[in-house]
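A.B. asks: Handing you this structure, nothing more for now.
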Amino acid sequence: MADTSWPRSPSRRRWSMDRTSWPLPCGTFSANLGATMAYVRASQYLLPTWKEDPADADIPSHRLMLRAGMIRPLAAGIYTYLPLAWRALRKIEAIIREEMDAIGGCEIHMPMVHPAELWAKTGRLLDFGPQLVRFRDRAGRDMVLGPTHEEVVTDLARREIQSWRQLPLMLYQIQTKFRDEPRSRGGLVRVREFTMKDAYSFHESFEDLDRYYPQVYQAYLNIFRRCGLAPLPVEADPGLMGGSGSHEFMLLNEHGEDTLVQCERGDYAANREGAVAVKDADEGERERPLEKVATPNCYTIDAVASFLGVPKRKTAKAVFYRGKGELVFVVIRGDLEVNETKLARAVGTTDLAPATEADIAAVGAVPGYASPIGIRGDGVKVVVDDSIPKARNLVAGANREGWHLRNVNFPRDFSADIVADVAMARDGDRCPRCGGTLRVKRGIELGHIFKLGTKYSEALGATFLDREGRPRPLIMGCYGIGTGRLLAAVIERHHDDQGIIWPASVAPFHVFVAVLNPDRPDHATFAVRVAECLDRAGLEVLVDDRERTAGEKFHDAKLLGIPVLVVIGPRALAQGEVDLERRRDGARRKVPAEPDALAHGVYDLLRAESS
RNA sequence: CGGAGAGUAGCGCAGCCUGGUCAGCGCGCAUGGUUCGGGACCAUGAGGUCGGCGGUUCGAAUCCGCCCUCUCCGACCA
6 MADTSWPRSP
16 SRRRWSMDRT
26 SWPLPCGTFS
36 ANLGATMAYV
46 RASQYLLPTW
56 KEDPADADIP
66 SHRLMLRAGM
76 IRPLAAGIYT
86 YLPLAWRALR
96 KIEAIIREEM
106 DAIGGCEIHM
116 PMVHPAELWA
126 KTGRLLDFGP
136 QLVRFRDRAG
146 RDMVLGPTHE
156 EVVTDLARRE
166 IQSWRQLPLM
176 LYQIQTKFRD
186 EPRSRGGLVR
196 VREFTMKDAY
206 SFHESFEDLD
216 RYYPQVYQAY
226 LNIFRRCGLA
236 PLPVEADPGL
246 MGGSGSHEFM
256 LLNEHGEDTL
266 VQCERGDYAA
276 NREGAVAVKD
286 ADEGERERPL
296 EKVATPNCYT
306 IDAVASFLGV
316 PKRKTAKAVF
326 YRGKGELVFV
336 VIRGDLEVNE
346 TKLARAVGTT
356 DLAPATEADI
366 AAVGAVPGYA
376 SPIGIRGDGV
386 KVVVDDSIPK
396 ARNLVAGANR
406 EGWHLRNVNF
416 PRDFSADIVA
426 DVAMARDGDR
436 CPRCGGTLRV
446 KRGIELGHIF
456 KLGTKYSEAL
466 GATFLDREGR
476 PRPLIMGCYG
486 IGTGRLLAAV
496 IERHHDDQGI
506 IWPASVAPFH
516 VFVAVLNPDR
526 PDHATFAVRV
536 AECLDRAGLE
546 VLVDDRERTA
556 GEKFHDAKLL
566 GIPVLVVIGP
576 RALAQGEVDL
586 ERRRDGARRK
596 VPAEPDALAH
606 GVYDLLRAES
616 S
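Going letter by letter, the first sequence gives residues 6 to 616 in this note's numbering.
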């Protein structure tokens with residue numbers, strides 16, 4: 006039972022009903038109603054900190070969130086948020102709500118369970134693949150767990166938006182989503198069940214979407230800045246439906262789940278999936294006649310290049326995929342790799358899969374010695390990377406086991422259905438903007454904004470009457486932020502080897518009051534006065550009144566990373582002073598043990614914190 | 001889905017090769033006492049179907065088979 010020297014925690018005055026005045030069955034329950042409390046007592050809170058590092062957490066945010074008692078795993082990529090994490094998450098959500106409301110967002114809440122039929126209409130029941138969790142309800146209806154909400158929100162818009170006078174409109178929600186990721190990793194960085202702020206805007210014209218999109222872009226920067234993060238906006242893959250733009254906000258981080266390309270001079274940054282690099286031409290080299298050469302046991306580019314003594318960039322590589330029911334035959338310079346995202350866009354399909362040897366043989370090509378020269382034309386689409394037209398006198402397969410061709414040139418020796426950039430940008434490549442050096446980096450994708458266009462409104466028949474009275478499909482944008490991932494990213498960015506260092510804006514509490522001798526009534530009484538006065542000053546306070554040694558409390562204070570530590574102990578109290586310590590830099594100061602001085606001292610440290 | 005690793009008390013781990021005093025250690029937890037400003041100390045104690053199922057054996061945490069789960073790397077990621 007709680008000791009009697011502590012008064013019950015009082016309710017906040019600003020609540021219209023004083024909940025502690027209700028006849029509660031047991032006094033201790035009132036202390037657990039966190040939201041109504043003026044301050045929180047650690048002894049009556051769920052704060053399961055660990056002294057030792059967990060065995061299977063490798064990245065800092067994951068390790069620290071487990072150690073600080075913020076999250077606990079339930080299954081792979083599925084976590085419970087404990088009180089500390091939930092408080093921080095609510096701070097993040099509050100910032101997001103303010104910024105979304107500021108650009109005209111209307112918060113709604115959509116269902117998590119959707120009829121599969123809706124997803125069938127947009128084709129994504131198939132496109133989404135096994136990440137989309139499906140099940141049947143008791144009546145046998147096919148349902149899915151929502152991995153995102155374009156379908157549902159567009160269905161809503163179809164029903165509710167009839168006129169251009171209702172536009173533009175921006176709807177958003179903060180909601181749980183489920184994607185059965187093939188691989189969750191890194192704690193909250195990449196999970197299967199996650200909370201996401203997803204927003205959708207509706208416009209009468211592309212011009213209006215183009216006007217609105219930069220506002221969202223700016224709102225996103227505001228959100229991340231207020232959370233203490235400065236992500237790099239990068240150009241993202243605009244996807245099959247075109248649209249005129251998409252950006253991701255990437256926090257550079259070695260543990261990131263995503264890969265991006267950035268120019269050292271800083272004028273170009275793109276997701277690796279869409280990154281473009283300059284491809285050099287073989288300037289001034291004359292085309293030489295085709296020549297057949299024996300190349301026994303040379304099934305790879307490496308083998309051919311070393312056998313013939315030519316650099317890999319003087320070879321042409323054949324790569325095969327299946328897509329849209331036909332074979333996709335990609336010809337690319339031997340030193341480059343195929344970027345499947347770019348390829349899918351070039352071909353105009355969403356489903357590309359590596360081809361089997363039988364697929365390859367069916368069009369007359371020989372695996373290992375495949376060549377675009379002399380293959381059968383029907384049922385095969387030849388995609389030539391734009392590195393090939395710029396190159397001269399390449400070594401390519403001869404479609405005959407053990408033989409290659411020298412001096413292959415495009416378009417002299419073979420033709421293409423499509424010539425496009427389908428190559429993966431590499432570290433060290435040259436920037437398409439300035440010719441500078443490109444670097445491949447890891448990052449955490451904090452947010453993604455996207456000009457959707459009419460993909461969903463057309464598929465679902467969401468039309469409105471324009472100013473001339475003609476029905477037209479709604480023009481849409483969509484904008485997402487993974488809130489749990491953002492929380493993890495804040496910790497990735499703000500920690501040291503001793504624990505988390507919260508930015509004050511998202512800290513679960515502002516002040517950590519360590520009561521070194523909670524069993525001494527005078528100390529306990531004083532701690533309550535301190536907590537109450539800090540509360541009245543508008544600060545959120547966690548009072549560590551647990552029966553622990555001083556050392557443990559100091560270590561936990563570091564681990565939890567609450568911005569300001571107030572130490573209530575005999576040494577300071579004897580002098581009528583309390584010690585304050587700032588988490589970020591360890592700066593300490595003593596202030597008189599009376600309310601105003603204390604609150605001012607804490608605010609001073611917090612102010613310097615945020616500057 | 002490929003590659004690698006791991007499941008033994010709440011957490012971190014040893015034991016496994018070589019089957020039989022191997023159900024153990026540290027932390028944590030409970031009780032009592034001493035401490036009390038930077039992860040204290042003493043004493044006592046609770047807590048485990050050794051991931052599951054099957055097999056080998058007189059006997060299995062230990063050997064064999066199948067399965068499950070988790071972590072990391074890769075593939076994948078509107």
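We put the beta carbon where it would ideally sit given N, CA and C, even for glycine.
Straight-line CA distance for Arg92 to Val333?
C.D. replies: Position 87 of the first sequence, counting from 1, holds the residue named residue 92. Position 328 of the first sequence, counting from 1, holds the residue named residue 333. Rounded to whole angstroms, Arg92 to Val333 spans 51 Å at the Cα level.
A.B. asks: What residue range does the beta strand (DSSP E) around Met175 cover?
C.D. replies: The sequence position of residue 175 within the first sequence is 170, counting from 1. Leu174 to Phe183 is the extent of the beta strand (DSSP E) around Met175.
A.B. asks: Bridge partners of Met255, per DSSP?
C.D. replies: By one-based count along the first sequence, residue 255 stands at place 250. DSSP, once it has assigned bridges, lists Leu237 and Glu450 as partnering Met255.
A.B. asks: What residue range is occupied by the uninterrupted beta strand (DSSP E) comprising Ser462?
C.D. replies: What you label residue 462 is simply residue 457 of the first sequence in a count that begins at 1. Per DSSP, Ser462 belongs to no beta strand (DSSP E); it is in the alpha helix (DSSP H), Lys460 to Leu465.
A.B. asks: By a C-beta neighbour count over all protein chains shown, 10 Å radius and 16 as the cutoff for buried, is Ile83 buried or exposed?
C.D. replies: Locating residue 83 in the first sequence gives position 78, counting from the first residue. So Ile83 counts as exposed.
A.B. asks: Please state whether DSSP places Tyr304 in a helix, a strand or coil.
C.D. replies: Counting from one through the first sequence, the residue named residue 304 turns up at place 299. Coil.
A.B. asks: If you drop the 5 nearest sequence neighbours on each side, which residues of the same chain put their C-beta closer than 8 Å to that of Gln220?
C.D. replies: Here the question's residue 220 lines up with position 215 in the first sequence. The residues are Ile108.
A.B. asks: Can you tell me the Cβ-Cβ gap for Arg405 and Val371, rounded? I've got them flagged as a contact below 8 Å.
C.D. replies: By one-based count along the first sequence, residue 405 stands at place 400. By one-based count along the first sequence, residue 371 stands at place 366. About 6 Å; that satisfies the 8 Å criterion.
A.B. asks: Buried or exposed: where does Pro523 fall if 16 or more other Cβ atoms within 10 Å of its Cβ makes it buried?
C.D. replies: Residue numbering aside, residue 523 sits at position 518 when the first sequence is read from its first letter. Burial call: buried.
A.B. asks: Which residue marks the beginning of the beta strand (DSSP E) containing Tyr218, and which one marks its end?
C.D. replies: The sequence position of residue 218 within the first sequence is 213, counting from 1. It is not in any beta strand (DSSP E) - Tyr218 instead sits in the alpha helix (DSSP H) that spans Phe211 to Arg231.
A.B. asks: State buried or exposed for Arg270, treating a residue as buried only when at least 16 other CB atoms are found within 10 Å of its CB.
C.D. replies: The residue you call residue 270 lines up with position 265 of the first sequence. That one is exposed.
A.B. asks: Taking the alpha-carbon of Phe419 as reference, which of Gly74, Lys319 and Lys386 has the nearest alpha-carbon?
C.D. replies: In the first sequence, counting from the first residue as 1, residue 419 sits at position 414. Looking at the Cα atoms, Lys386 is the closest of the given residues.
A.B. asks: Please classify Gly448 as buried or exposed, where buried requires at least 16 other C-beta atoms within 10 Å of its C-beta.
C.D. replies: If you number the first sequence from 1, residue 448 lands on position 443. Classification for Gly448: buried.
A.B. asks: Excluding the 5 residues flanking Ser48 on each side, which residues of the same chain have their C-beta closer than 7 Å to its C-beta?
C.D. replies: Here residue 48 corresponds to residue number 43 of the first sequence, with the count starting at 1. Excluding sequence neighbours, Ser48 sits near Asp550 and Arg551.
A.B. asks: Buried or exposed: where does Lys56 fall if 16 or more other Cβ atoms within 10 Å of its Cβ makes it buried?
C.D. replies: Sequence index remark: in the first sequence, residue 56 carries index 51 (1-based). Classification for Lys56: exposed.
A.B. asks: Applying the 10 Å Cβ sphere with the 16-neighbour rule, what's the burial state of Gln267?
C.D. replies: Residue mapping note: residue 267 aligns to position 262 of the first sequence, counting from 1. Gln267 comes out buried.
A.B. asks: Within this structure, are the beta carbons of Leu470 and Thr159 separated by less than 9 Å?
C.D. replies: Taking the first sequence and counting its residues from 1, the one referred to as residue 470 is at position 465. Taking the first sequence and counting its residues from 1, the one referred to as residue 159 is at position 154. No; because the gap between Cβ atoms is not below 9 Å, this pair is not in contact.
A.B. asks: So what does DSSP say about His605, is it helix, strand or coil?
C.D. replies: Translated into the one-based positions of the first sequence, residue 605 becomes position 600. Helix.
A.B. asks: Rank Ala542, Gly328, Gly452 and Leu161 by C-alpha distance to the C-alpha of Phe229 and give the top, closest one.
C.D. replies: Taking the first residue of the first sequence as position 1, residue 229 is located at position 224. Checking every option, the nearest Cα to that of Phe229 belongs to Gly452.
A.B. asks: For Ala598, which of helix, strand or coil comes out of DSSP?
C.D. replies: Stepping through the first sequence from its first residue, residue 598 is reached at position 593. Three-state DSSP puts Ala598 in coil, outside helix and strand.
A.B. asks: Enumerate, from N- to C-terminal direction, the unbroken beta strand (DSSP E) stretches of 3 or more residues contained entirely within the segment 502-571.
C.D. replies: 516-520 and 546-549
A.B. asks: Relative to the alpha-carbon of Tyr222, which residue among Phe455, Arg164 and Val324 has its alpha-carbon at the smallest distance?
C.D. replies: In the first sequence, counting from the first residue as 1, residue 222 sits at position 217. Comparing Cα-Cα distances from Tyr222 to each of Phe455, Arg164 and Val324, the minimum goes to Phe455.
A.B. asks: Find the nearest neighbour of Arg327 within the set Ala308, Val298, Phe312 and Glu362, judged by alpha-carbon distance.
C.D. replies: By one-based count along the first sequence, residue 327 stands at place 322. Selected option, being the one with the closest Cα: Glu362.
A.B. asks: Quick one: grab the DSSP three-state call for Gly134.
C.D. replies: Along the first sequence, read from residue 1 onward, the residue named residue 134 stands at position 129. In this structure, Gly134 counts as helix in the three-state DSSP scheme.
A.B. asks: Would you mind sorting Cys111 into buried or exposed? The rule is 16 or more other CB atoms within 10 Å of its CB.
C.D. replies: Position 106 of the first sequence, counted from the start, is the residue given in the question as residue 111. By the 10 Å Cβ count, Cys111 comes out exposed.
A.B. asks: Within a Cβ cutoff of 7 Å, which residues of the same chain sit near Thr127, ignoring the five residues on either side of it in sequence?
C.D. replies: Counted from its first residue, the first sequence places residue 127 at position 122. Cβ within range, chain order: Glu156, Tyr461, Ala464 and Leu465.
A.B. asks: Check the DSSP bridge columns for Gly482 and list the partner residues they point to.
C.D. replies: The residue labelled residue 482 in the question sits at position 477 within the first sequence. Paired residue(s): Ser206 and Lys456.
A.B. asks: Per DSSP, what are the beta-bridge partners of Val617 in this structure?
C.D. replies: Beyond the ends of the chain as shown, which are 6 and 616, falls residue 617; an answer cannot be given.
A.B. asks: Going straight from the alpha carbon of Arg472 to that of Gly482, what length do you get?
C.D. replies: If you number the first sequence from 1, residue 472 lands on position 467. If you number the first sequence from 1, residue 482 lands on position 477. For Arg472 and Gly482, the distance between alpha carbons rounds to 21 Å.
A.B. asks: Helix, strand or coil, according to DSSP, for Pro575 in the structure here?
C.D. replies: Residue mapping note: residue 575 aligns to position 570 of the first sequence, counting from 1. Under the three-state reduction of DSSP output, Pro575 falls in the helix class.
A.B. asks: What number of angstroms, rounded off, separates the C-alpha of Ala321 from the C-alpha of Gly440?
C.D. replies: Position 316 of the first sequence, counted from the first residue, corresponds to residue 321. Position 435 of the first sequence, counted from the first residue, corresponds to residue 440. About 24 Å.
A.B. asks: Who are His500's beta bridge partners in DSSP?
C.D. replies: Locating residue 500 in the first sequence gives position 495, where the first residue counts as 1. Answer by DSSP bridge pairing, in chain order: Ile505.
A.B. asks: Please specify which runs of the alpha helix (DSSP H), each continuous and at least 4 residues long, are wholly inside the segment 32-106, giving them in chain order.
C.D. replies: 32-36 and 65-72
A.B. asks: Between the C-alpha atoms of Val424 and Glu342, what's the straight-line distance to the nearest angstrom?
C.D. replies: Translated into the one-based positions of the first sequence, residue 424 becomes position 419. Translated into the one-based positions of the first sequence, residue 342 becomes position 337. About 16 Å.
A.B. asks: Using the three-state DSSP reduction, which class does Arg612 fall into: helix, strand or coil?
C.D. replies: If you number the first sequence from 1, residue 612 lands on position 607. The answer is helix: DSSP assigns Arg612 an H, G or I state.
A.B. asks: How about Arg593 and Asp609: are their beta carbons less than 9 Å apart?
C.D. replies: To locate residue 593, count along the first sequence from 1; it is residue 588. To locate residue 609, count along the first sequence from 1; it is residue 604. No, the pair does not count as a contact, with Cβ atoms beyond the cut-off.
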